Amino acid sequence: MSDVIRRLQDRLYTAAKSDAKRRFHSLRDKVLWKETLERAWKDVKKNHGTSGPDGLTIEDIEGQGVLAFLEEIQSDLTTGKYRPGPLLRVDIPKRSGGTRPLGIPNVRDRVVQAAVKLVIEPVFEAEFQECSFGYRPNRGPRDATKEVYKWLNYGLENVIDADIEHCFDEIPHDKLMKAVSRRIADGYVLKLIRMWLKAPVLKDGTLCSVKKGTPQGGVISPLLANIYLHQLDEGWTRNGMTNRWGCNAQMVRYADDLVILSDRALDAPLGLLKALLTRIGLKLSEKKTRLVTAEEGFEFLGFRFIRRYKKKWGKRKTYRFPSPDAVKRVKEKIRKLAGNHVLHVPPDEVAASLNRVVVGWRNYFRHSNASRTLSKVSNYLAYRFRKYLRRRKNKSGMGKYRDMGNWEMAEKFGLALYQDVEVIYD
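Sequential numbering of the sequence shown, starting at 1027, is according to the numbering used here.
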């Protein structure tokens, strides 16, 4: 990130932190800065997103000239001619079954959203609660799981495993804009956000109007969801739920996925959680929200947490390891990447594709009680890759291990079968 943008964000963060009631008026010019738009372009390009309804890809824009593209955006924003295009509706499968709708903006709109996000994010970061981990700078899912692990080790073994029903799709536009305008007073920035929320969705060739929700797929949507759900975090703290001498109910939230841990009864925390969500127009999923104990175990962000008595240590111990669902998903990805449809692809290229999946998965789970699971996934990787090599030679079955051992596959093709194999990403 350029020094200009970093200094701007530092100033905005400091100003917002020093005055919790301050509203920021003059932000439009910061969005229009050449440095802001260039940084926004780099952020959009880094995400390797697909094209929107206009069919224009990152590669197309690079071919036509990025500088001219950004100058045109800057001109349209300066003159007030900018209007966002529709969103491309894409349904992706959910882990729990069914599909999740994504609204993919044009690359042009993603760049403008990224520019606005660069400017307004520090203002809200200054007030976000410590319990929030999703889609925030220098925070991620592993930080959230470490927080859960910490509270379990402190003996908070009664757990509300909560799921907010259709959170991104149900956020009311008027209440969301009210939450944003509590800190942002620049009318043009508010107008841009309002236009993005109201942008129609292109589904099966038909434009559909949007009356609520912040579309997943947009660059600024996670920030808007965090701004809205900050009311939940703030209400939780304001009502004394985290007080050690009260309910001692600690919330850990990653976007719309959250757990609450306590060493006391959960009736009051659950009641307040429902009330706070009702107040902002949301509700818990009755099917997916449950009250459990750490001894029963629960899943959060791909991990399964469980706490049991360890005879060796003479006390209860917290364990976390990849959930069965997480193992199932990575195995499915391995199976697809080494399937019959890639028999024409050279082995080193197939190995590189597999490494991008397996090494990232391994790095996410490696600092946990996952040694056995990691070994099983590595064995499955070797099994699938060896099967792929056999089929390339029109041979049936798996052959003998000595025909192509694990070390040989790792040495010859660079397959990341072992945790000490270094993988370099482009």
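Note that beta-carbon positions come from the ideal geometry of N, C-alpha and C, so glycine has one too. Being a predicted model, the structure only gives us computed values, none of them experimental.
So, with DSSP's three-state summary, where would you put residue i?
{"i": "Asp1539", "result": "This structure cannot speak to residue 1539, because the chain is shown only from 1027 to 1452."}
{"i": "Ser1487", "result": "Nothing can be reported for residue 1487, as the shown portion of the chain is limited to 1027 through 1452."}
{"i": "Phe1154", "result": "coil"}
{"i": "Leu1310", "result": "strand"}
{"i": "Phe1194", "result": "helix"}
{"i": "Pro1148", "result": "helix"}
{"i": "Phe1331", "result": "strand"}
{"i": "Lys1204", "result": "helix"}
{"i": "Glu1183", "result": "coil"}
{"i": "Val1449", "result": "With a pLDDT of only 36 at Val1449, under the threshold of 50, the placement of this residue in the model should not be trusted; the figure read from the coordinates follows. Note: Val1449 maps to coil in three-state DSSP."}
{"i": "His1393", "result": "coil"}
{"i": "Ser1044", "result": "helix"}
{"i": "Arg1037", "result": "helix"}
{"i": "Lys1402", "result": "helix"}
{"i": "Arg1279", "result": "strand"}
{"i": "Lys1336", "result": "strand"}
{"i": "Phe1159", "result": "coil"}
{"i": "Ser1288", "result": "strand"}
{"i": "Lys1071", "result": "helix"}
{"i": "Ile1246", "result": "coil"}
{"i": "Lys1357", "result": "helix"}
From residue i to residue j, what distance separates their C-alpha atoms?
{"i": "Pro1241", "j": "Ser1311", "result": "20 angstroms"}
{"i": "Asp1036", "j": "Phe1329", "result": "34 angstroms"}
{"i": "Ser1454", "j": "Ala1301", "result": "In the structure displayed, the chain extends from 1027 to 1452; residue 1454 sits before or after that span and is not available."}
{"i": "Ile1130", "j": "Gly1078", "result": "6 angstroms"}
{"i": "Asp1045", "j": "Ala1094", "result": "39 angstroms"}
{"i": "Thr1399", "j": "Lys1143", "result": "39 angstroms"}
{"i": "Arg1049", "j": "Asn1252", "result": "18 angstroms"}
{"i": "Val1447", "j": "Lys1357", "result": "Unreliable positioning characterises Val1447 in this predicted model, as indicated by a pLDDT of 41, which lies under 50. The coordinate reading is nonetheless provided below. Straight-line Cα distance between these residues: approximately 19 angstroms."}
{"i": "Arg1126", "j": "Pro1248", "result": "15 angstroms"}
{"i": "Leu1292", "j": "Gly1340", "result": "28 angstroms"}
{"i": "Glu1147", "j": "Asp1212", "result": "14 angstroms"}
{"i": "Asp1102", "j": "Val1092", "result": "15 angstroms"}
{"i": "Ile1084", "j": "Asn1432", "result": "39 angstroms"}
{"i": "Leu1038", "j": "Val1206", "result": "15 angstroms"}
{"i": "Val1449", "j": "Leu1308", "result": "With a pLDDT of only 36 at Val1449, under 50, the local geometry of the prediction cannot be trusted, and no value is derived from it."}
{"i": "Leu1443", "j": "Leu1369", "result": "20 angstroms"}
{"i": "Gly1243", "j": "Lys1359", "result": "22 angstroms"}
{"i": "Arg1168", "j": "Asn1179", "result": "16 angstroms"}
{"i": "Tyr1254", "j": "Ile1197", "result": "8 angstroms"}
{"i": "Ala1042", "j": "His1256", "result": "15 angstroms"}
{"i": "Arg1410", "j": "Ala1396", "result": "21 angstroms"}
{"i": "Lys1107", "j": "Cys1193", "result": "32 angstroms"}
Which residue from the options puts its Cα closest to that of residue i?
{"i": "Asp1282", "options": "Ser1028, Cys1157 and Trp1433", "result": "Cys1157"}
{"i": "Arg1208", "options": "His1051, Glu1321 and Gly1340", "result": "His1051"}
{"i": "Met1025", "options": "Leu1223, Ala1275 and Val1145", "result": "The structure shown has nothing for residue 1025, since the chain only spans 1027 to 1452."}
{"i": "Met1430", "options": "Leu1103, Lys1107, Thr1171 and Ala1408", "result": "Ala1408"}
{"i": "Lys1056", "options": "Gln1100, Asn1389 and Arg1220", "result": "Gln1100"}
{"i": "Thr1040", "options": "Glu1098, Glu1151 and Val1116", "result": "Glu1151"}
{"i": "Val1245", "options": "Arg1134, Lys1438, Lys1314 and Lys1107", "result": "Arg1134"}
{"i": "Arg1032", "options": "Pro1119, Asn1381 and Val1145", "result": "Val1145"}
{"i": "Ala1436", "options": "Lys1237, Gly1089 and Leu1380", "result": "Leu1380"}
{"i": "Leu1096", "options": "Gly1323, Glu1064 and Arg1417", "result": "Glu1064"}
DSSP has residue i in a bridge; who is on the other side?
{"i": "Val1227", "result": "Leu1113 and Cys1234"}
{"i": "Arg1126", "result": "Ile1118"}
{"i": "Thr1319", "result": "Asn1184"}
{"i": "Glu1097", "result": "Looking at the DSSP assignment, Glu1097 forms no beta bridge with any residue, so it has no partner."}
{"i": "Arg1342", "result": "Tyr1335"}
Could you tell me how far apart the beta carbons of residue i and residue j are, in whole angstroms, since I believe they sit closer than 8 angstroms?
{"i": "Gly1331", "j": "Arg1346", "result": "With the sequence shown as reference, residue 1331 is identified as Phe, and Gly is not the correct amino acid for it. Confirmed, Cβ separation roughly 5 angstroms."}
{"i": "Arg1136", "j": "Val1070", "result": "5 angstroms"}
{"i": "Ala1066", "j": "Ala1141", "result": "4 angstroms"}
{"i": "Ile1210", "j": "Val1138", "result": "Not really, about 16 angstroms apart at Cβ, beyond 8 angstroms."}
{"i": "Asn1164", "j": "Leu1082", "result": "The Cβ separation is near 32 angstroms, so there is no contact."}
{"i": "Val1403", "j": "Val1285", "result": "Val1403 to Val1285, Cβ: 25 angstroms. No contact."}
Quick one: does the C-beta of residue i sit closer than 7 angstroms to a heavy atom of the ligand GDP?
{"i": "Val1403", "result": "The model depicted lacks the ligand GDP and carries no ligand whatsoever."}
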